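First up is the structure itself, then whatever we jot down about it.
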Amino acid sequence: MAEYSGAVETARKQVAAAHAVLAGHRPSLYGCCSCGRHLPCSVALACARSSAHHTGILALLRPAG
Ligand SMILES: [Zn+2]
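Counting in the numbering used here, the sequence shown tops out at residue 399, every number present.
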């Protein structure tokens with residue numbers, strides 16, 4: 335699967351980047367995201383979607399991984 339190593343690397347970076355951004359977007363006690371947006375926070379949703387997407391790619395490329 336050496337031909338996929340670039341794609342695996344890219345997907346890993348995307349997942350890590352999405353998680354890093356998500357760390358700053360937690361639901362607060364006041365019904366808002368910690369970034370100040372109303373819930374659901376569009377940034378948090380986009381990052382969660384990106385993380386799920388790239389996690390799915392990693393699962394496809396590295397089934398045993
Ligand atoms: Zn947010």
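Every residue, glycine too, gets a C-beta built ideally from N, C-alpha and C.
These numbers come from a predicted model, not from an experiment.
Leaving aside the five residues before and after Val377 along the sequence, list all residues of the same chain whose C-beta is less than 6 angstroms from its C-beta, in chain order.
His359
Between which two residues does the alpha helix (DSSP H) harbouring Gly340 extend?
339-356
Separation of Val349 from Gly340, as counted between CA atoms
14 angstroms
Do you know whose CA, among Glu337, Arg346, His372, Pro361, lies nearest Ser385's CA?
Ranking the options by Cα distance to Ser385, first place goes to Arg346.
The alpha helix (DSSP H) enclosing Cys381, as first and last residue numbers:
376-395
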